[in-house]
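What follows is a short report on a single structure.
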Amino acid sequence: MDHIDHSRKGMEGTSIVRNEVIEERHREAWNSLLGIDAQKNQLLAWAALSLRAGSLDRNATAVNRLALVEGPPGTGKTSLARNLGAPLSTIAESAVRVIEFASHEAMSGEHGRTQREVHRILTETVPHLAGADITVLVVDEVEALAIHRGQVSLEANPVDVHRTTDAAITALDLLADICPNVVTVMTTNFPEIVDSALRSRTDVTVAIPLPTKEAVQEIIQSTLKAWSREFPDLKAVIDHPSISSVSEELAAKGIDARQSRKFVLDVLSSDLELASDPRRLTATHLGQAAQRWKGIQ
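Numbers given in the numbering used here equal positions in the sequence shown, counted from 1, plus 2.
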């Protein structure tokens, strides 16, 4: 089944990479984000309140409908933003659309082109695609658009970098003025280089850390449970006492949420016998793999 909204009208030639109405798969993806309940609740509360405040004076309330999600790679920031619309649709009792702007794709070496593209997407394309729908706009890797101007040398970097930051901030301000039905969630792996003027405009900053030992364990057990639907013998591994020590070792080595989710797959695919018959997987295999794990090199 094709889940993507392929009515490409208004998206051609832009850096919009996602335009779809929230479905059950988004809810499943939201529920699969484990170990960050506090951050999920914070972002959801902000989004719901921002929409309720849509008719109020933005200058008086300081509600810009703008959030920043920051943290190391692989911690679930983009997934959090992309799937926020699932619980938001329940609260709003309405369909919710998600639009994703891949900011790095808007960059151009041609003088002035990036600023024009950013302004056009945020003030024309996004409002057109959103229409009257409640919409979550995801701006991934926002540092590509709004690098901290205090850390950029005009001698070492083109003036376009500074102008692009100005253009992005101006366009986001205008989007907030003209689209009270749109909440914008920006993500970054590098919060220290996001421009301070943009950071000061955000209503909320949600920091996603590397997973704790408890979160790693929850993710691994959740992954094993998914595998056990096809291979029931794996149910014996899910609650094996050694899973706790496996998780502790991986967390101590700095494993992220994405790598935690892939850990079972990595173990199964590293051995031909296990790959041929995943029912052979044991807690011992996981323990040995955790001891060898060195992260992404």
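Ideal placement from N, C-alpha and C gives every residue a C-beta, glycine not left out.
Annotation for E220: L36 and G37 place their beta carbon closer than 8 Å to its own, counting only its chain and skipping 5 residues before and after. The straight-line gap separating the alpha-carbon atoms of V206 and V163 is approximately 25 Å. E26 and L45 have their alpha carbons spaced roughly 20 Å apart.
Excluding its 5 nearest sequence neighbours in each direction, E107 has C-beta neighbours in its own chain below 8 Å: S17 and V19, listed in chain order. Of all alpha-carbon atoms in F233, I171, G87 and D241, the one lying nearest the alpha-carbon of H121 is that of I171. In this model, N66 and T127 are separated by some 19 Å (Cα to Cα). Residue pairing by DSSP places R29 opposite no residue, since no beta bridge is assigned to it.
Contact annotation: I24 and S91 have beta-carbon atoms nearer than 8 Å. Every unbroken stretch of the beta strand (DSSP E) spanning 3 or more residues and falling wholly within the region 53-92 is given here in chain order: 68-72. Per DSSP, R99 is one residue of the beta strand (DSSP E) stretching across V98 to A104. By the beta-carbon neighbour count (other beta carbons within 10 angstroms, threshold 16), Q293 is exposed.
Inclusion of P193 and A259 in the CB contact set at 8 Å is not warranted, their separation being larger than that value. If only complete runs of 4 or more residues are kept, the region 208-255 shows the alpha helix (DSSP H) at 215-230, 237-240 and 244-254, in order along the chain. Pairing K227 with D168, the inter-Cα distance amounts to about 48 Å.
Rounded to whole angstroms, V100 and T137 show a C-alpha spacing of 6 Å. Collapsing the DSSP output to three states places T127 in a helix.
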